[in-house]
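Under this note's numbering, think of the first position of the sequence shown as 430, with each following residue one higher.
Ideal placement from N, C-alpha and C gives every residue a C-beta, glycine not left out.
Notes follow once the structure below has been shown.
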Amino acid sequence: MPVTERTLLGPGPSNPYPEATAGLSAPLLGHLDPEFIRVLDETSERLRTVWRTRNPMTMPLSGTGSIGMEAAFSNTVRPGDVVVVAVNGLFGVRMCEVAARYGAEVVRVDHEWGQPVDVDRVLAAHPSPAIVAAVHAETSTGVRSDIGALGAALRGHSPDTLLVADCVTSLGGIPTELDAWNVDIAYSGTQKCLGVAPGLAPFSLSERAWERRVETPPVWYLDLGLLGDYVRGGASGRAYHHTAPVAMVASLHAALGRLLAEGVPEVEERHAAAGARLRDGLTELGLELFAAEGFRLPQLTTVRVPEDVDSVKVRAQLLEDYDIEIGAGVGQYAGSVWRIGLMGHNARLDRVELVLAALRRVLGR
Ligand code: PLP
């Protein structure tokens, strides 16, 4: 008997993403089965469409979003390389740690949490870094940074610098335009706006980043040269690298199919509308939004916990009485901020009204 009726992929018959769960429960194909290879190829093509890129090296890596971050730095950082990281939340901090482990001389550009990345400050940090890295949608604070502006400015400032963008929470929720924004390396996760179980890291690498990659990265599993032979096919065709998680790929394939059927701009617009209504509703409840105005993510709204309210109690009551999970804040904001996600299938006006009604009740407003 299940412990709870709750489900992240949507409850019972109203699950609007049945394809994603169907992908998980479909009969398993062998990882070398031509039909699976077709599904894998189509998944990569679908990722290119949502990410608006023609990068041939676009694919789902086996692992959660963090493995995308690990692949980005392990394949591009040579010991002593300067890597400028824009830090405006937890995942920027993680980027610094990962890059340092591969020998980077990390130049950390700290921003106040809740604020977007300041392009001028990032560029001023170093005249010609090997890499500049930033988080597009900072999940710890609910802030969107302008990666397009960063990419454009970087091309003028130091054209050889590679740009790494963390798109874990942005892909499928807000526009992500890798080619137009001059992004060289991007990674994402399946469990956010794509509405799939956690377990894959969509990944994309530009041709120039491919040419400049580290010949033999210190991590065998994430060696893009080896993975490229598997995913794209090398001189002698596709070479076995590891056993792909076929059920997860089938699930991602199905969810991307669903997303493309609705339309990428339409899905992004649905997120925008839900986020806007949530922000309005929270303000009507007398709550104060945390992220800087103009840079608020529709898929993740951050709000300050009122001073007279017990944050843990409210979250527990929402979960127990209404099956609604909202996140606590992160780091120094653990007890003073809530993070309300409206991602993928949850980015709908009916869900917003449900959250607002439940919050009103629990807060007694
Ligand atoms: N980057 C961002 C912006 C994230 O939100 C997350 C996870 O929430 C990660 C990286 C790490 O992804 P994962 O937890 O799937 O490894």
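Inset, instruction - For proline 627, verify whether its CB is less than 7 Å away from any heavy atom of the ligand GTP. - result: What this structure holds is the ligand PLP, not the ligand GTP.
Inset, instruction - Classify tryptophan 645 as buried or exposed, calling it buried when 16 or more other Cβ atoms lie within 10 Å of its own Cβ. - result: The question names tryptophan, but residue 645 in the sequence shown is threonine. Burial call: exposed.
Inset, instruction - Examine the ligand PLP and report whether any of its heavy atoms sits within less than 7 Å of the Cβ of valine 597. - result: yes
Legend entry - First through last residue of the beta strand (DSSP E) which encompasses isoleucine 496: No beta strand (DSSP E) contains isoleucine 496, which is instead part of the alpha helix (DSSP H) from 494–503.
Inset, instruction - Specify, as a first and last residue, the run of the alpha helix (DSSP H) that methionine 524 falls within. - result: 519–530
Inset, instruction - Note the first and the last residue of the continuous alpha helix (DSSP H) segment covering methionine 677. - result: 675–691
Inset, instruction - Would you tell me roughly how many angstroms separate the C-alpha atoms of proline 545 and serine 495, rounded to the nearest one? - result: 21 Å
Inset, instruction - Just mark alanine 668 as buried or exposed, buried being the case when its beta carbon has 16 or more other beta carbons within 10 Å. - result: exposed
Legend entry - Boundaries of the alpha helix (DSSP H) in which tyrosine 751 is found, first to last residue: 740–751
Inset, instruction - Please go through the same chain and pick out, in chain order, the residues whose beta-carbon is closer than 7 Å to the beta-carbon of proline 431, but skip the five residues on each side of it. - result: Caution applies to proline 431, whose pLDDT of 44 falls short of 50 and renders its modelled position unreliable; the model cannot decide the point.
Inset, instruction - Compute every distance between the C-beta of glutamine 746 and the non-hydrogen atoms of the ligand PLP, then say whether any falls below 7 Å. - result: no
Inset, instruction - Answer yes or no: the CB of alanine 449 versus the heavy atoms of the ligand PLP, is any distance below 7 Å? - result: no
Inset, instruction - Can you give me the start and stop residues for the alpha helix (DSSP H) that leucine 469 sits inside? - result: 463–480
Legend entry - Neighbourhood of aspartate 658 by C-beta distance below 6 Å, restricted to the same chain and skipping five residues each side: Ala668
Inset, instruction - Could you tell me whether the region 516–527 touches the region 636–654, where touching means 3 or more Cβ pairs closer than 8 Å? - result: no
Inset, instruction - With DSSP collapsed to three states, give me the class of glutamate 606. - result: coil
Inset, instruction - Give the DSSP bridge partners of tryptophan 639, in chain order. - result: Per DSSP, none; premise fails for tryptophan 639.
Legend entry - isoleucine 710 versus valine 548: straight-line alpha-carbon distance, rounded: It should be pointed out that residue 710 corresponds to glycine in this sequence rather than to isoleucine. Distance between the alpha carbons of glycine 710 and valine 548: 32 Å.
Inset, instruction - Return yes when at least one heavy atom of the ligand PLP lies under 7 Å from the C-beta of phenylalanine 465, else no. - result: no
Legend entry - Close beta carbons around proline 485, own chain, < 7 Å, minus the five adjacent residues each side: Arg661
Inset, instruction - Quick one: using the 10 Å Cβ neighbour count with 16 as the cut-off for buried, is glutamate 749 buried or exposed? - result: exposed
Legend entry - For glutamate 797: DSSP bridge partner residues: An answer regarding residue 797 cannot be provided, because it is not within the stretch 430 to 794 covered by the chain.
Inset, instruction - Would you decide whether threonine 598 is buried or exposed? Buried here means 16 or more other CB atoms lie within 10 Å of its CB. - result: buried
Inset, instruction - Evaluate aspartate 462 with the Cβ neighbour count: other Cβ atoms within 10 Å of its Cβ, from every protein chain shown; 16 or more gives buried, anything less gives exposed. - result: exposed
Legend entry - glycine 601 in three-state terms, based on DSSP: coil
Legend entry - Euclidean distance between Cα positions of glycine 441 and threonine 450: Residue confidence for glycine 441 is low, a pLDDT of 41 falling below 50, so the modelled location carries little weight; the figure read from the coordinates is stated next. In a straight line, the C-alpha of glycine 441 is about 11 Å away from that of threonine 450.
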